[in-house]
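As given, the protein sequences belong to chains A and P, one line each in that order. If you want my numbering, it's the position in the first sequence, counting the first as 1, plus 3. If you want my numbering, it's the position in the second sequence, counting the first as 1, plus 1. Glycine included, C-beta positions come from ideal geometry on N, C-alpha and C. Small disclaimer: the values here were computed from a predicted structure and weren't measured. Below is one structure; the comments refer to it alone.
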Amino acid sequence: MLEIKDLKVSFTDDWGGEAVDGASLRMNAGERLGLVGESGSGKTMLALTVAGLIPRSRTEVTGEILFEGADLLKRKPKELRSLQGKDIGMIFQEPMTSLNPLMRIGKQIEEALKLHTGLCAQRRREKALEVMELVELPEPELTYAKYPHQLSGGQRQRAMIASAFITDPKLLIADEPTTALDVTVQGQIIKLLKRLNENRGVGILFISHDLSVIRKLCTRVAVMHAGKIVEQGNTEDVFTNPQHEYTKRLIAAIPTREKRSR
Amino acid sequence: MQGKRNYNLILGAAITAVMLSLILSGLIRTPHDPNKINAGNSLSAPSAQYLLGTDNFGRDILSRVIIGAGSTLYVAAATVAIGALAGMLIGGLTGYFGGWVDELFMRAGDIILAFPSILLALVLISLIGPGRNNIIIALGIMFIPSFARVVRGEYVRCRELDYVHSARIIGTGNMRIMFVHILPNAAPVILRAIAIGFNNAVLAEASMSYLGLGVQPPDASLGRMLSESQSYLFSAPWYALSAGIAIVLLILGFSLLGEGIGARDNA
């Protein structure tokens with residue numbers, strides 16, 4: 004479904020530098036793919052590039068991003084937008100800032116419908132309540148009219164997932180969606196993503212530096228280092244039998260009970 | 002909000018309410034005809050008939066203060082409206098899109114800000130001529146850069162926030178992002194800028210009419226009253242005081258109101 008070939012993203016402004024340096028990645032439809040790497044390895048830039056969110060005036064992008072066979076980089080911005088709005092959804096790390104503080108939750112969840120479909124207000128509301136139910140937001144009718152500050156962090160992340168999910172996308176990019184949450188809520192969100200993937204067939208590109216989270220959620224994993232994908236394969240294979248030197252070090256760095264007791 | 006009461010807000014609202022009701026009632030009726038000359042009764046002290054006394058032409062000062070304050074308020078409001086609307090548009094576009102357009106407008110703004118604004122307004126007035134509407138145009142242009150700057154800052158801050166990203170990824174158009182998503186979030190800062198800008202506009206209007214470039218005689222204006230009263234500062238101090246205090250109250254009311262609103266938002 005998604006294939007990235009030799010993607011390079013570099014900044015053209017004064018600071019320069021290559022954020023993504025020849026990354027290649029394959030993702031099948033309905034797959035849960037984890038993308039791991041340390042801070043600054045370029046994983047977020049990769050995701051933003053796929054989502055079309057990097058400023059074109061300040062960056063240079065080469066390579067190919069094939070989404071269902073068509074190269075996203077060759078499309079006109081307008082086409083890209085409508086495609087992305089419908090087929091690609093994205094959720095972010097910080098549930099505090101990823102919702103507009105002055106817009107009611109329900110309205111934000113509906114926004115994509117308003118832009119991409121001709122549905123009337125009544126139908127949009129019904130759909131929004133439906134997805135809110137789906138992501139297990141409590142009391143959808145009441146939550147619909149609330150503002151973000153009235154929700155907890157986990158609920159906000161659920162609201163984000165609902166707004167990304169309302170158009171039934173084929174690909175959901177999740178950029179560290181659990182990093183800012185505490186561990187119990189993390190577990191709930193991961194369960195939710197897993198369920199959405201299994202029931203709705205949405206492919207999930209899950210970006211994280213937290214290997215344990217990736218191991219719990221993803222079927223395949225790609226390891227990113229210094230702008231390149233150094234290794235990819237089935238999660239268990241990569242974890243039990245890492246091939247690349249960097250992956251070995253990364254896995255060795257996971258704290259375990261034995262190491263902790265030392 | 003609990004505990005401490007917001008005295009700024011209360012006092013500001015009270016002063017502004019009194020001034021506004023005086024000005025509004027002045028639109029319908031003033032105690033005396035503000036322009037009626039009564040040579041036999043010039044520079045009379047405050048009395049039951051003329052609450053603030055009369056000026057050198059025997060005109061009722063209270064009526065003239067009310068009309069003059071109304072005219073000042075009108076000029077200030079129109080000036081701020083021009084400055085804020087154009088500033089929001091320019092600041093929004095430059096802050097949101099950035100790039101060379103941003104540079105162009107901001108450097109143009111620097112040029113305008115580099116001159117003392119009164120001086121530049123004087124140049125403009127000498128080009129288009131004195132009068133109330135021309136003052137509004139000249140001052141309005143003077144006020145654009147400062148508003149544009151404030152608004153631009155907010156847009157620069159907001160454009161990289163995640164909720165703007167999420168709006169963009171679901172395919173929201175630039176205009177909708179700018180005005181539906183970002184603008185409400187920039188509103189508190191813009192409102193405060195308007196409160197400050199309003200005070201500056203009141204002062205600027207008063208200075209312009211003090212110099213005789215604003216409202217033309219015989220119509221009343223606070224600045225002109227100040228300049229006329231100068232010659233009678235010792236024989237009729239109530240003349241200068243009335244006009245001066247009216248300006249002070251107008252500004253004080255709005256700046257307290259602005260601070261009160263700011264304090265409430267931060268609480």
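Listed along the chain, the chain P residues whose CB falls inside 9 Å of the CB of A/Glu-63 amount to none; the nearest CB is some 15 Å away.
In the three-state reduction of the DSSP assignment, P/Ser-26 falls in the helix class.
Restricting attention to P/Phe-58, P/Arg-30 and P/Gly-261, the CA atom closest to the CA of P/Pro-189 is found in P/Gly-261.
Contact fails between the stretch 108-125 of chain A and the stretch 174-191 of chain A, because fewer than three Cβ pairs, one in each stretch, are under 8 Å apart. DSSP places P/Ala-168 within a helical segment (H, G or I) once states are collapsed to three.
One finds nothing in chain P with a Cβ atom closer than 8 Å to the Cβ of A/Glu-82; even the nearest lies about 10 Å away. Scanning chain P for C-beta atoms nearer than 8 Å to the C-beta of A/Pro-180 yields nothing, as the closest lies near 11 Å away. By the CB criterion at 8 Å, P/Gly-198 and P/Ser-167 fall outside the cutoff.
Excluding the 5 residues flanking it on each side, P/Ala-40 has same chain C-beta neighbours closer than 8 Å at Phe-58 and Gly-59, in chain order.
Within chain P, the residues placing a beta-carbon under 8 Å from that of A/Ala-115 are Ile-171 and Gly-172, ordered along the chain.
Scanning its chain for C-beta atoms nearer than 6 Å, with the 5 sequence neighbours on each side dropped, one finds around A/Met-135 the residues Pro-143 and Ala-165, in chain order. Taking a C-beta distance under 8 Å as the contact criterion, P/Val-81 and P/Ala-202 qualify as a contact pair. Think of a sphere of 7 Å around the beta carbon of P/Leu-162: the chain A residues whose beta carbon falls inside it are Thr-100, in chain order.
By the Cβ criterion, the stretch 166-186 of chain P is not in contact with the stretch 44-51 of chain P, since fewer than three pairs of Cβ atoms, one from each stretch, lie closer than 8 Å. Within chain P, Asn-186 have C-beta atoms less than 7 Å from the C-beta of A/Pro-104, given in sequence order.
The Cβ-Cβ distance between P/Arg-265 and P/Leu-12 does not fall below 8 Å.
Contact annotation: A/Met-163 and A/Ser-211 have beta-carbon atoms that are not nearer than 8 Å. Going by beta carbons, P/Ser-26 and P/Ala-221 fall outside the 8 Å limit. Counting along the chain, the unbroken alpha helix (DSSP H) around P/Asn-201 starts and ends at 184-211.
With a 10 Å radius around the Cβ and a threshold of 16 neighbouring Cβ atoms, P/Trp-239 comes out buried. Contact between A/Leu-195 and A/Val-138 holds, with the beta-carbon distance rounding to 6 Å and staying under 8 Å. Distance from the CA atom of A/Leu-28 to the CA atom of A/Pro-245, rounded to whole angstroms, is 17 Å. Excluding its 5 nearest sequence neighbours in each direction, A/Lys-231 has C-beta neighbours in its own chain below 7 Å: Asp-24, Gly-25 and Ala-26, listed in chain order.
Gly-100: these are the residues of the stretch 97-115 of chain P whose beta carbon lies less than 7 Å from some beta carbon of chain A, given in chain order. Taking A/Leu-76 as the centre and dropping the five residues before and after it, the same chain places the C-beta of Val-64, Glu-67 and Ile-68 closer than 7 Å to its C-beta, in chain order.
Residue pairing by DSSP places A/Ser-211 opposite A/Val-39 in a beta bridge. Close partners of P/His-166 in chain A (Cβ separation under 9 Å): Leu-51, Ala-54, Leu-56, Met-93, Phe-95 and Ser-101. If you draw a straight line from the Cα of A/Leu-116 to the Cα of A/Met-106, it comes to about 16 Å.
Assigned with DSSP and collapsed to three states, A/Asp-240 falls in helix. Pairing P/Asn-200 with P/Phe-255 gives a Cβ-Cβ distance under 8 Å. Each of A/Glu-239, A/Arg-260 and A/Val-226 was checked against the Cα of A/Glu-248, and the nearest Cα belongs to A/Val-226. Against chain A, a Cβ distance below 7 Å from P/His-182 picks out Asn-103.
With a 10 Å radius around the Cβ and a threshold of 16 neighbouring Cβ atoms, A/His-152 comes out exposed. Bridge pairing for A/Leu-175: A/Gly-92 and A/Ile-207 [DSSP]. The alpha carbon of A/Val-205 has as its nearest neighbour, out of A/Ser-42, A/Val-224, A/Ser-155 and A/Asp-90, the alpha carbon of A/Asp-90. Across the set P/Leu-140, P/Ile-136, P/Arg-169 and P/Ala-139, the C-alpha of P/Arg-169 shows the shortest separation from the C-alpha of A/Gly-55.
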